[in-house]
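As numbered in the numbering used here, residues 278 to 817 make up the sequence shown, in order.
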Amino acid sequence: MTKIISFSSDISTIKLPNKFDYPYNYSPHPLAKIAAKELQQYLTTQTDFSHNFGIKNPEEANALGKMFGVLVVQESNKKLGYLAAFSGKLDDSTQHQHFVPPVYDVLDANGFYLKTEKQLNELTRKIGYLESPSAFIEAKKAYQETQQLHEKLLTDEQSKIKQRRKLRKKVGQQNNQLNINEEFYLREYEVYLNDKIVPLKKAYDIQQGQIEELKQQRADLSAWVQQEIFKKYVFLNYRGNSQNLFAIFNDTSQNIPAGAGDCCAPKLLQYAYKHQLKPICMAEFWWGKPLQTSIRKHQNYYPACTGKCKPILTYMLQGLHVDENPLNTLLKKEKALTIIYEDAELLVINKPNDLLSVPGKEIKDSVYSRIQKLYPHATGPLIVHRLDMATSGILLVAKNEETYKSLQAQFIHKTIQKRYVAVLDGVLKDKKGTIELPIRVDLNDRPKQLVCYQYGKRACTTWEIIEVLEHTTKVHLYPITGRTHQLRVHAAHHLGLNTPILGDDLYGTKADRLYLHAEKITFVHPTTKEQVSFTVPAPF
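Right, here's the structure in full:
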């Protein structure tokens, strides 16, 4: 049965896009938005499956949000429709009537994965039994306790002999033969104790060996099944060619991530290619409870991830006319760099938004490259700290190494004070506060950051409202720490302000710019040792 869904809305007046969306940075086309809204209406009223998305009660333990996607397609007769997909599993199943199937169904009842999973579960059960208190732990305990007791008995005997020898020496009764007899006794006593522990050690070693053997079997079987799964995930591209995950990730420096190929975009494109449908545009959105880690909000649109999806989609989109990365176009535009203060040791500059602090892999134009041209004889590392490409405002530049080290030390010891101005895409309830959310890089979606209490680094921000407008809030943000994307994550995350910065295309919604500006900085001048402050008002 076809998975093409007909539009229920009138789309006759909407012009088709010239090219397919650049999947990692785009705003959904109106057609894709209409398809997404229709899919959301289906999710609101459907009775095909049961899944607790946590929309009504996100605090429920089993509530789980999910990423959904739509792909507008054109049939050979030029008729438009759309396909729908979900990431991973839905209601513990990979197959549902309204959605395209997975690229490879690991949960197929006749497939090798479920059969292998039973074997893995049986190995885990056996290991668990051998490691249980009734088996392995008791043998281990008996062996270790007896070993410790025998070591103590032997040490006690050694101490007694030493004491007797000291006493004989003290009273002048040295006896070589007696000393030899004592040494012989010690060796015999040690052999006697070791013989008594041999059965316990043997029982312990046998069970330890059995456990290690079973664990190795489980590891080998698990590795084998993962490799077989990677072989089964075979992807088509627009040209009609096909490659599996091994071939696709072969030219990358990363390992194949778990779950690669199970996101919405690869599923949608795979179905379209298999059924000779032309991809027109797409959109992916989050539905339900927000994540505790990555920033995902109900009904918000999100681009494809870079970790799992980028290598796959790069292959799958070959042959299709795809938009250029809008970031490259943006970075090619000339942006004026303003020097607001200069002396023999340092510069204070006003960085415009959409200019890199340091050169990137593709775009070399940056604050660093421009300062290097202006000051070719400067000996310092130049860039003391960084601002996100999209953030405007004050940036310090060192002209020599001594100045660089002095300013860096102030950053490290958190004695430099910074104040940012931001416009939030919403209205806050409180007037001020402090946010403590540890942050680390999202390994599956660089350069995004996520909240992680296990591996994240401490990140602290204080804030206060400047003014509230009709649908936005202007605030001052004070970063106590200086983590990558700290202010953007702390603003957008539901455990932070739960209101993204206006124009944040990574954690919120695109606008004409990111409304974040480094307005003020206060530090001790490395030469004069006096505290100095510089302010550049926000251009918004």
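The beta carbon of each residue, even a glycine, is placed where N, CA and C say it ideally should be.
Residues near residue i by beta carbon distance below 6 Å, same chain, minus five either side
| i | result |
| --- | --- |
| residue 652 | none |
| residue 774 | 768 |
| residue 297 | 556, 597 and 599 |
| residue 694 | 799 |
| residue 393 | 502 |
| residue 384 | 371 |
DSSP three-state assignment for residue i, whether helix, strand or coil
| i | result |
| --- | --- |
| residue 299 | coil |
| residue 307 | helix |
| residue 699 | strand |
| residue 767 | helix |
| residue 717 | strand |
| residue 672 | strand |
| residue 744 | strand |
| residue 559 | strand |
| residue 638 | coil |
| residue 486 | helix |
| residue 319 | helix |
| residue 541 | helix |
| residue 753 | strand |
| residue 615 | strand |
| residue 326 | coil |
| residue 351 | strand |
| residue 759 | coil |
| residue 362 | strand |
| residue 427 | helix |
| residue 578 | strand |
Heavy atom of the ligand GDP within 7 Å of residue i beta-carbon
| i | result |
| --- | --- |
| residue 740 | Because no ligand of any kind appears in the structure shown, any question about the ligand GDP cannot be addressed here. |
Proximity to residue i [Cα-Cα], best of the options
| i | options | result |
| --- | --- | --- |
| residue 817 | 340, 551, 308 and 629 | 629 |
| residue 586 | 634, 541, 418 and 324 | 541 |
| residue 717 | 736, 632, 471 and 709 | 736 |
| residue 690 | 758, 743 and 669 | 758 |
| residue 664 | 656, 680, 645 and 732 | 645 |
| residue 602 | 635, 385, 481 and 640 | 640 |
| residue 661 | 683, 647 and 670 | 683 |
| residue 784 | 808, 714 and 571 | 571 |
| residue 551 | 322, 377 and 761 | 377 |
| residue 308 | 351, 335 and 322 | 351 |
| residue 344 | 579, 704 and 547 | 579 |
| residue 680 | 575, 756, 563 and 806 | 806 |
| residue 615 | 669, 658, 373 and 405 | 669 |
| residue 780 | 631, 685 and 730 | 631 |
| residue 782 | 685, 573 and 738 | 573 |
| residue 299 | 581, 325 and 326 | 581 |
| residue 729 | 355, 568, 620 and 739 | 568 |
| residue 527 | 481, 554, 589 and 476 | 589 |
| residue 761 | 727, 535 and 319 | 727 |
| residue 319 | 338, 295, 362 and 355 | 362 |
| residue 348 | 493, 310 and 387 | 310 |
| residue 738 | 744, 745, 755 and 650 | 755 |
| residue 490 | 287, 725 and 404 | 404 |
Own chain, CB closer than 7 Å to residue i, minus 5 neighbours either side, in chain order
| i | result |
| --- | --- |
| residue 379 | 371, 539 and 544 |
| residue 328 | 367 and 368 |
| residue 732 | 717 |
| residue 397 | 495, 498 and 499 |
| residue 617 | 625, 626, 627, 811 and 813 |
| residue 522 | 507, 510, 533, 537 and 538 |
Cβ-Cβ separation, residue j to residue i (assumed contact under 8 Å), whole Å
| i | j | result |
| --- | --- | --- |
| residue 667 | residue 360 | Not quite, the Cβ-Cβ distance comes to about 33 Å (not below 8 Å), so this is no contact. |
| residue 592 | residue 506 | 18 Å between Cβ atoms; not a contact. |
| residue 283 | residue 358 | 5 Å |
| residue 671 | residue 708 | The pair is not a contact, with the Cβ atoms about 26 Å apart (cut-off 8 Å). |
| residue 771 | residue 714 | Not a contact, Cβ separation roughly 10 Å. |
| residue 604 | residue 642 | Their Cβ separation, rounded to whole angstroms, is 13 Å, which puts residue 604 and residue 642 out of contact at 8 Å. |
| residue 656 | residue 704 | About 49 Å; that fails the 8 Å criterion. |
Own chain residues within Cβ distance below 8 Å of residue i, not counting five before or after
| i | result |
| --- | --- |
| residue 285 | 315 |
| residue 401 | 495 |
| residue 341 | 328, 329, 330, 331, 565 and 566 |
| residue 688 | 661, 662 and 759 |
| residue 474 | 420, 423, 424 and 427 |
| residue 778 | 699, 700, 701, 702, 764, 765, 768, 769, 784, 785, 791, 792 and 793 |
Within-8 Å CB hit, residue i to chain B
| i | result |
| --- | --- |
| residue 333 | Of the chains in the structure shown, none is chain B; there is only one protein chain. |
**OP:** Evaluate contact between the segment 547 to 559 and the segment 300 to 309, counting only Cβ atoms and requiring at least three cross-stretch pairs below 8 Å.
**Re:** yes
**OP:** Would you check if the segment 505 to 514 and the segment 315 to 333 touch, i.e. whether three or more CB-CB distances between them fall below 8 Å?
**Re:** no
**OP:** Take every Cβ of the segment 698 to 718, pair it with every Cβ of the segment 785 to 795, and state whether three or more of those distances are shorter than 8 Å.
**Re:** yes
Original post:
Touch check for the segment 675 to 684 and the segment 618 to 625: three-plus C-beta pairs under 8 Å?
Top reply: yes
Original post:
Hey, is the segment 579 to 594 in contact with the segment 719 to 735, meaning 3+ C-beta pairs nearer than 8 Å?
Top reply: yes
Original post:
Pairing CB atoms from the segment 427 to 443 with CB atoms from the segment 462 to 474, are three or more of them under 8 Å?
Top reply: yes
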